[in-house]
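The listed protein sequences correspond, in order, to chains A and B. So for the first sequence, my numbering puts the first residue at 964; every next one is plus one. So for the second sequence, my numbering puts the first residue at 5; every next one is plus one. Even for Gly, the Cβ is constructed at its ideal location relative to N, Cα and C. What follows is a set of notes on a single structure, which appears directly below.
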Amino acid sequence: MIALWYLAAGVLFILGLRGLSGPRTARRGNLLAATGMLLAVVVTVVDIVDEPDLVWWIVIAGLVVGGGIGAVLALRVQMTAMPQLVAAFNGFGGGASALVAAAEVIRSDAVFATEVAVTVALSIAIGTVTLSGSFVAYGKLQGIVTGRPVGLPGGPALNGLIALVTAAAATWAVASGEPTAYWVVAGLSLLLGVTAVLPIGGADMPVVISLLNSLSGVAAAMAGFVIGNLALIIGGALVGAAGLILTIQMSEAMNRSIANILFSGFGTGEGGGGPIGDKPVNRATPDDVAIAVAYAERVVIVPGYGLAVAQAQHAVRELADALEARGVTVEYAIHPVAGRMPGHMNVLLAEADVPYEVLLDMDQANPRLPQTDVALVVGANDVVNPSARDDTGSSIYGMPILEVDRAASAVVIKRSLSPGFAGIDNPLFYEDKTMMLFADAKAGLEDIVAALERL
Amino acid sequence: MSDLFIQGIVVFVLASFVGFEVISKVPPTLHTPLMSGANAISGITIVGAVIAAAVGQGAAAGILGFLAVTFATINVVGGFLVTDRMLEMFKRKPRR
């Protein structure tokens, strides 16, 4: 009977995910999925409640403590900090699945049928990699660990080696039935999560977070095999697939393979191109920019991670309002990997009440940029770098970009001429039609708004 | 291989395909809420955690069970709440 209830929960998850894929149905979708979750927990409790010697106080303590922490984190988080929060939640989910499998190792003293033993080892390995990898990602996004790629001795070979030793330990665990072997797998996987994510730079985080999301689902599904529970298998498989799709979409948006992102330590070396910052640029004042945008017919704003860092989403909205009041058409062009997680910019702009109808994705934006008077780049760099299109020698060659250089003119708000994450120069900055406003994104935007009022 | 395990494989494969089909056409605007909502669903491991904590005997099992329930609940409660918070912002229609 319980399997039917779990199926009902699974159906609610599917309906929920489908709801989440449309703007109008998304909130209801999330509610449906949450209902499925509640249903799954309640029927589980009802199912086991008659068994002897149950320790309910531990369950209740965990629910209270976890629920409290989760609620506080969710309600307090700034929208700019959303990537690290999602990373942390991924980590907790993966960790929980590994713990479920670990508890099963203790309960049964590691006596499993071979196929179950394989899934025990897999849920421990995948769950702990997700746990430690997610918290390293959290540290990078939160600024506790440097966002730049960290080179490790041995580079990618080191990760290959640790992965190999982990696989050997897992084989040992499955073959021997020794509980200790499973703990060795757990320790090695924790290490692997750290060494795998540490060398990956901040701008590749959209891919890393999507992948960790997928892994947290796979870990849950594997834990489902361990305890023979269909709810975990259904929910875990759905999330594994969903996360994998996003991972693939993000890596396509960078024109790089997932393996390249995970193993290259991109951004550590020379990216090609000339020396940086010794060419003349058009330095603009906020008044220059105000004049340029005030008399434009169409302005397209291109946000990047700098917008999130400066918390400039409200300032950008104020500027857009001021321009619209003057009859200027304002739209936003959003690159799929702008920011630190998929959809990061969309969330920030939604927080500032920018309606999603004026947010253009790359395919919608590029045909419109040539008819745009001013493209206003706020804290973005590599995603508007024409080298990706023109310079076959560039390390980002082939990455689809927002073609800001095809607009009639461009304004770039940026703190300095320092290169973007890829470590390469951006020819856009030196074009005659480009104005550079060197400022923090928020302060720069506010200065432009003030200058507009004086016009 | 037990029937239950084989059943599990069948369900796993079919659910994966359903996941691919359902998600493949999501507008970029919704990528973050989709991810955090999916993340909350991966907290389904809470079901396993509750069982593990309830049936566990002894100190080690107790500690693992408590941590499992706590972690999974953080994931579930935090994930659904934060997704709802984001989607509420998307819903507002500020066009004046």
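Does any CB atom of chain B fall closer than 7 Å to the CB of L1282/A?
no
Starting from A1186/A, find everything on chain B with Cβ-Cβ shorter than 8 Å and list it in chain order.
T49 and G52
Cα separation between E1260/A and Y1393/A?
24 Å
Quick one: Cα of A1365/A to Cα of I67/B, how far?
The question names Ala, yet the displayed sequence has Leu at residue 1365/A. Rounded to the nearest angstrom, the two C-alpha atoms are 51 Å apart.
Quick one: what's got a C-beta closer than 7 Å to A989/A's C-beta in the same chain, skipping five residues either side?
Closer than 7 Å at Cβ, skipping near neighbours: G982 and L983.
Does the beta carbon of V14/B come closer than 7 Å to any beta carbon on chain A?
no
Kindly list, in the order they appear in chain B, the residues whose Cβ is closer than 8 Å to that of Y1319/A.
Within 8 Å Cβ-Cβ: T33 and F94.
Helix, strand or coil for S1060/A? Go by DSSP, reduced to three states.
Note: S1060/A maps to helix in three-state DSSP.
Counting only Cβ pairs nearer than 9 Å, list the residues of chain B close to W968/A.
None at all; the shortest Cβ gap to chain B is about 11 Å.
Are the beta-carbon atoms of A1186/A and T49/B separated by less than 7 Å?
It is a contact, given that the beta carbons lie within the stated cut-off.
In chain A, which residues lie with their C-beta within 7 Å of the C-beta of A63/B?
The premise fails here: A63/B is roughly 10 Å from chain A at the closest Cβ pair, so nothing lies under 7 Å.
What's the call for V1012/A, buried or exposed, on a 16-neighbour Cβ count within 10 Å?
exposed
Below 8 Å between beta carbons is the criterion; list the residues of the region 1011 to 1033 of chain A that meet it against any residue of chain B, in chain order.
I1011, E1014, D1016, L1017, V1018, W1019, I1021, V1022, A1024, G1025, L1026, V1028, G1029, G1030, I1032 and G1033
Along the region 1124 to 1139 of chain A, where does the CB come closer than 8 Å to a CB of chain B? Name the residues.
none
If we count the other Cβ atoms within 10 Å of its Cβ and call it buried at 16 or more, is F70/B buried or exposed?
buried
Work out the CA separation of R89/B and V1040/A for me, nearest whole Å.
10 Å
Going along chain A, which residues have a C-beta under 7 Å from D88/B?
Taking a Cβ-Cβ threshold of 7 Å, the residues of chain A close to D88/B are R990 and N993, in chain order.
Excluding the five sequence neighbours on either side, which residues of its own chain have a C-beta within less than 6 Å of the C-beta of A1216/A, listed in chain order?
P1299 and V1300
If contact means a Cβ-Cβ distance below 8 Å, which residues of the region 1275 to 1308 of chain A contact chain B?
I1297, P1299, M1304, P1305, G1306 and H1307
Does any residue of chain B have a CB that is nearer than 7 Å to the CB of D1324/A?
yes
Using a Cβ cut-off of 7 Å (strictly closer), state whether I45/B contacts chain A.
yes
Quick check on M964/A: does DSSP put it in helix, strand or coil?
coil
Measure the Cβ-Cβ separation of I1172/A and A1037/A and say whether it is below 7 Å.
no
So with CB distances below 9 Å, who are the chain B contacts of F1226/A?
Neighbours of F1226/A on chain B: none; closest Cβ ~23 Å, over 9 Å.
Relative to the C-alpha of F9/B, which residue among A1288/A, L1322/A, I1224/A and N1192/A is closest?
N1192/A
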